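As they're listed, the protein sequences go chains F and S. The opening position of the first sequence corresponds to residue 15 in this note's numbering, with each subsequent residue numbered one higher. The opening position of the second sequence corresponds to residue 15 in this note's numbering, with each subsequent residue numbered one higher. Note that CB positions come from ideal geometry on N, CA and C, so glycine has one too. Keep in mind the model is a prediction, meaning the values are calculated, not measured.
Protein chains: 2
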Amino acid sequence: MASHSDRRRFLKRGGALASFVIGTVRSLRGQTPAREAILKDSLAYGQPSPFDNTIRRTLGQATAISDTALTTPLQDLDGIITPSGLHFLMDHVKGVPDIDSKQHRLLVHGMVDHPLIYTMDELKRLPSVSRIYFLECNANNRPIRGPNGESVQNVHGRTSCSEWTGVLLSALLNECGVQKEASWIVAEGSDANKYTMSIPLAKAMDDILVAYAQNGEPVRPQQGYPLRLVVPGWEAIRSVKWLSRIKVVDQPYMAWHESGNNADTIPNGKGLWYRFEVGPNSVITRPSGGQRLPGRGFYEITGLAWTGGGAVTKVEVSVDGGRSYKEAALQQPVHRFAHTRFRFPWAWNGEETVLQSRCTDERGEVQPTVAEAAKNLGVPPDYFYQADHFNGVQPWKVNRDGSVQNALFL
Amino acid sequence: MASHSDRRRFLKRGGALASFVIGTVRSLRGQTPAREAILKDSLAYGQPSPFDNTIRRTLGQATAISDTALTTPLQDLDGIITPSGLHFLMDHVKGVPDIDSKQHRLLVHGMVDHPLIYTMDELKRLPSVSRIYFLECNANNRPIRGPNGESVQNVHGRTSCSEWTGVLLSALLNECGVQKEASWIVAEGSDANKYTMSIPLAKAMDDILVAYAQNGEPVRPQQGYPLRLVVPGWEAIRSVKWLSRIKVVDQPYMAWHESGNNADTIPNGKGLWYRFEVGPNSVITRPSGGQRLPGRGFYEITGLAWTGGGAVTKVEVSVDGGRSYKEAALQQPVHRFAHTRFRFPWAWNGEETVLQSRCTDERGEVQPTVAEAAKNLGVPPDYFYQADHFNGVQPWKVNRDGSVQNALFL
């Protein structure tokens, strides 16, 4: 590996970049003490209304595998941007590393001609891109038995969507010179566990971001500050937080974190390995489980759709339990690999009914019902209580008293 | 004016809406005390890294008219979304009203057939739209003498950009039935000052939003919680916060707040009244005043452009003080009435130079230099130290030691 001074020499030769750091504006410089005082708290950095103190991340409830998720309150949100403070979070019990971005480094090495170490300031001098991308945990949408399975937050709140800014990973790999035998990368975080994931080189050279900003400001600590890999359309377990190392290799590493997360044992005893892409998915967020319609009349039905297949091209809504569907309006512009807000006008006649939505993506792939998903996989429907990668249609039953409940396995 | 029970009757007759309210999901319901404990603080609602504690709003410095702005740290931000906690804020010294959204009402009355009162829950049942729009104070970009005029945050930080969600004002006006003699609306906030602004009816029937969400979550208190008028492309003084009343009228009201903010006295003694639209504008945010380039070599020049004329169609960057310009890349998709991020690759040779940008909008209007702006208005260039509505080109001088300074009136 090149040391920092080696790197300087290489860069001088290559003429690509000076290795010095850009200066920081001292925003608070020159403030009088009285002014400093006024810069504290919500004046310097604003906060939500205390009257909305139920709009919070909550603990994911008693799924078969994990109970450590903090979920996004989808039922309370609008549009397609998730506020960074409400972005879902897995495995928070393992702790968030306390990283000073000035000390942070990214090493790119392995099967490359010129291994390089980047400081944050060096990364920020490179050509940048901003894209709106969703992230989704592979355990999202997994049905939950009992009352905890009622809310869209508990069942579907392991997905969020942000405007990410950073450098294309391909730009860094091109600068380092990937050797022709290489076929995978291994990305590692600087958390205590050294979280590690394997990713095919083809994806790395395509659209993966090395992101330093989320919704305008630096990536939040819980989301990987100061640097996160953002792998568009793929299960979020690949989007390595606190990114400190990219090794270019010629095979996947089957690292500890991925061996558990990749394997998907099905009833015939076989395992499904390395499922990357999120399937076409959608869910109605309002009205949804746990809410109550105060009476008959007009309601806008709204929700989110997303797919690892690129752009959502169509969302259909059924207000009669799937017997008939009509197309919903999609919030424009539709971004590839982003949450897509859909809206559908509905007049409730006061009778019992079931509301559900169905996503179609740019490849023509259609979100399945639970029965279809089970048939496709050759498993009984309640297999999905234990399974990852579930993207079945979510039905919400509206009762005559206006209460709404999860109708998936009623 | 119709009382709430009148409204119910009207709605029953009209068949448009039931007047009941949608139930709220109790996100925290059913948590054990141990779980409640873990929902506090940054787990329930995440915060930025303490290592970035200089990325804050700061007090706008000593402008001729007002010193009460909290400005957005544009030099530290990426992409086009401004984090809600860093959205600029004027007149914060007058206080933010402490409004419970459950008690809040919006009255629409005046020259309408059916005056109506809306609760927040009633508004949220109506068809909604989400749009990415900038807001900009009319005092933004005003040059500041002395060292406080050095940073892009101090000079240009009175503009921010959010994804706003709400109901089109036209939908509410149509429901109330605007009478044909009407030509203006007067919008009033529920702050102690009852901030009031007049807006032509044509704009109200076009694209004005009655917004209840900003970047996914409820509008922040400092931005108008729970309801804000968002007037796309117009100076932000029209986007009334804490909106509680819309009166349909047949003339502007010249209310206290607008008489001061509208009048723009020019040297010949005449006043310019009712300037609404923001002109085409842009500024380089990195590198910008107060920063220091650590050495020659490659830098991405980046900044923001915006216009009240609709979409930004072109941003040109000059790295030689305006002698020549080249087109910058615009972040896609470009949203009308939104910040547009531009990016431009630059190799600094270590010599003294001046960097500046120039915006062209969909109407073909081009951002002027200070000299051009002064000539257009028939005033001397330093008139703009006192003036609102300034959108002149911002030059940043790069010195040989890498320091960057405001070159507007050097």
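Residue range of the unbroken alpha helix (DSSP H) whose run includes residue 135 of chain F: Here residue 135 of chain F corresponds to residue number 121 of the first sequence, with the count starting at 1. From DSSP, the alpha helix (DSSP H) with residue 135 of chain F extends over 134 to 139.
Inter-stretch contact (C-beta, 8 Å, three-pair minimum) for the region 109 to 129 of chain F and the region 190 to 205 of chain F: Result yes; three or more Cβ-Cβ pairs closer than 8 Å.
Beta-carbon proximity check, residue 199 of chain S vs residue 126 of chain S, cutoff 8 Å: On the second sequence, position 185 is the one that residue 199 of chain S refers to. On the second sequence, position 112 is the one that residue 126 of chain S refers to. Taking 8 Å as the Cβ cut-off, residue 199 of chain S and residue 126 of chain S do not qualify as a contacting pair.
Buried/exposed call for residue 293 of chain S, threshold 16 Cβ in 10 Å: As a working mapping, residue 293 of chain S is identified with position 279 in the second sequence. Burial state of residue 293 of chain S is buried, judged by a 10 Å Cβ sphere holding 16 or more other Cβ atoms.
Under the three-state DSSP convention, the category residue 95 of chain F falls into: The residue you call residue 95 of chain F lines up with position 81 of the first sequence. The answer is coil: DSSP assigns residue 95 of chain F none of H, G, I, E or B.
Of the listed residues S:184, S:348, S:164, S:188, nearest to residue 412 of chain S (C-alpha basis): As a position in the second sequence, residue 412 of chain S is number 398, starting the count at 1. Looking at the Cα atoms, S:164 is the closest of the given residues.
Residue burial classification, residue 389 of chain F (beta-carbon count within 10 angstroms, cutoff 16): The residue labelled residue 389 of chain F in the question sits at position 375 within the first sequence. By the 10 Å Cβ count, residue 389 of chain F comes out exposed.
Any chain S beta carbon closer than 8 Å to residue 65 of chain F: The residue you call residue 65 of chain F lines up with position 51 of the first sequence. Chain S contact via Cβ: present.
Three-state class that DSSP yields for residue 105 of chain F in the structure shown: Here residue 105 of chain F corresponds to residue number 91 of the first sequence, with the count starting at 1. In the structure shown, residue 105 of chain F sits in coil (DSSP, three-state: anything other than H, G, I, E or B).
Under 8 Å between C-beta atoms of residue 176 of chain S and residue 98 of chain S: For this step, residue 176 of chain S is matched to residue 162 along the second sequence. For this step, residue 98 of chain S is matched to residue 84 along the second sequence. Yes, the pair counts as a contact, with Cβ atoms nearer than the cut-off.
Partners in chain F for residue 11 of chain S, counting only beta-carbon separations shorter than 9 Å: Missing from the structure shown is residue 11 of chain S; chain S here goes from 15 to 424 and no further.
Cβ-based contacts, 7 Å cut-off: residues of the region 227 to 260 of chain F near chain S: 227, 229, 230, 231, 232, 234, 235, 236, 239
Residue 222 of chain F at chain S interface by Cβ criterion, 8 Å: For the purposes of this step, residue 222 of chain F is identified with residue 208 of the first sequence, where counting begins at 1. Under the Cβ distance rule, residue 222 of chain F does not count among the residues neighbouring chain S, no pair being separated by less than 8 Å.
Identity of the residues DSSP links to residue 300 of chain S by a beta bridge: Within the second sequence, numbered from 1, the residue matching residue 300 of chain S stands at position 286. For residue 300 of chain S, which the question treats as bridged, DSSP gives the partners S:316.
Cβ shell of residue 229 of chain S (< 7 Å), same chain only, five flanking positions each side left out: Counting from 1 along the second sequence, the entry for residue 229 of chain S is found at position 215. The answer, listed in chain order, is 95, 98, 176, 177.
Opposing strand residues paired with residue 228 of chain F [DSSP bridges]: On the first sequence, position 214 is the one that residue 228 of chain F refers to. For residue 228 of chain F, which the question treats as bridged, DSSP gives the partners F:178, F:231.
Below-8 Å beta-carbon distance, residue 70 of chain S vs any chain F residue: To locate residue 70 of chain S, count along the second sequence from 1; it is residue 56. Cβ-Cβ to chain F under 8 Å: yes for residue 70 of chain S.
is_contact[residue 3 of chain S, chain F] using C-beta, thresh 8 Å: Absent from the model: residue 3 of chain S. The displayed extent of chain S is 15 to 424, so no value can be given.
Residue 78 of chain S to residue 361 of chain F span [Cα, whole Å]: The residue given as residue 78 of chain S occupies position 64 in the second sequence. The residue given as residue 361 of chain F occupies position 347 in the first sequence. For residue 78 of chain S, the predicted structure reports a pLDDT of 44, less than 50, and the residue's modelled location is therefore unreliable. The matter cannot be settled from this model.
Integer-rounded CB distance, given that residue 352 of chain S should sit under 8 Å from residue 148 of chain S: The residue labelled residue 148 of chain S in the question sits at position 134 within the second sequence. The residue labelled residue 352 of chain S in the question sits at position 338 within the second sequence. Confirmed, Cβ separation roughly 6 Å.
Cβ pair count under 8 Å reaching 3, the region 327 to 334 of chain S against the region 369 to 379 of chain S: yes
is_contact[residue 158 of chain F, chain S] using C-beta, thresh 8 Å: Position 144 of the first sequence, counted from the start, is the residue given in the question as residue 158 of chain F. Closer than 8 Å: no.
Residues that residue 419 of chain S contacts on chain F, provided the C-beta gap is smaller than 9 Å: Stepping through the second sequence from its first residue, residue 419 of chain S is reached at position 405. Residues of chain F whose Cβ lies closer than 9 Å to the Cβ of residue 419 of chain S do not exist, since the nearest Cβ in that chain is about 12 Å away.
Neighbour flag for residue 408 of chain F against chain S, beta carbons, 8 Å: The sequence position of residue 408 of chain F within the first sequence is 394, counting from 1. Taking a beta-carbon distance threshold of 8 Å, residue 408 of chain F does not count as an interface residue toward chain S.
Three-state secondary structure (DSSP) of residue 270 of chain S: Position 256 of the second sequence, counted from the start, is the residue given in the question as residue 270 of chain S. Correct three-state label for residue 270 of chain S: helix.
Rounded Cβ spacing between residue 145 of chain F and residue 215 of chain F (contact assumed at less than 8 Å): In the first sequence, residue 145 of chain F corresponds to position 131, counting from 1. In the first sequence, residue 215 of chain F corresponds to position 201, counting from 1. For residue 145 of chain F against residue 215 of chain F, the beta-carbon gap comes to about 20 Å, at or over 8 Å, which does not count as contact.
Neighbour flag for residue 296 of chain S against chain F, beta carbons, 8 Å: For this step, residue 296 of chain S is matched to residue 282 along the second sequence. Cβ-Cβ to chain F under 8 Å: no for residue 296 of chain S.
Alpha carbon of residue 153 of chain S to alpha carbon of residue 256 of chain S, nearest angstrom: Residue 153 of chain S sits at position 139 when you count from the first residue of the second sequence. Residue 256 of chain S sits at position 242 when you count from the first residue of the second sequence. Distance between the alpha carbons of residue 153 of chain S and residue 256 of chain S: 21 Å.
For residue 348 of chain S and residue 458 of chain S, the rounded distance between their alpha carbons: Absent from the structure is residue 458 of chain S, since the part of chain S shown begins at 15 and ends at 424.
DSSP beta-bridge partners of residue 373 of chain F: On the first sequence, position 359 is the one that residue 373 of chain F refers to. For residue 373 of chain F, which the question treats as bridged, DSSP gives the partners F:329.
In DSSP terms, what residue 147 of chain S is bridged to: On the second sequence, residue 147 of chain S is found 133 positions in, with the first residue counted as 1. S:176, per the DSSP bridge assignment.
Separation of residue 311 of chain F from residue 32 of chain S, as counted between CA atoms: Your numbering for residue 32 of chain S matches position 18 in the second sequence. Your numbering for residue 311 of chain F matches position 297 in the first sequence. Residue confidence for residue 32 of chain S is low, a pLDDT of 30 falling below 50, so the modelled location carries little weight and cannot support an answer.
Contact set between the region 126 to 154 of chain S and chain F, restricted to residues whose Cβ is under 7 Å from the partner: 139, 140, 141, 142, 144
Top-ranked residue by Cα proximity to residue 210 of chain S, from S:137, S:271, S:158, S:187: Within the second sequence, residue 210 of chain S is the residue found at index 196, counting from 1. The shortest Cα separation from residue 210 of chain S among S:137, S:271, S:158, S:187 belongs to S:271.
Buried or exposed (CB count within 10 angstroms, at least 16 for buried), residue 415 of chain S: Taking the second sequence and counting its residues from 1, the one referred to as residue 415 of chain S is at position 401. Counting Cβ neighbours within 10 Å, residue 415 of chain S comes out exposed, since fewer than 16 surround it.
Residue(s) in a DSSP beta bridge with residue 361 of chain F: As a first step, residue 361 of chain F is located in the first sequence; it is residue number 347 there, counting from the start. Beta-bridge pairing links residue 361 of chain F to F:312.
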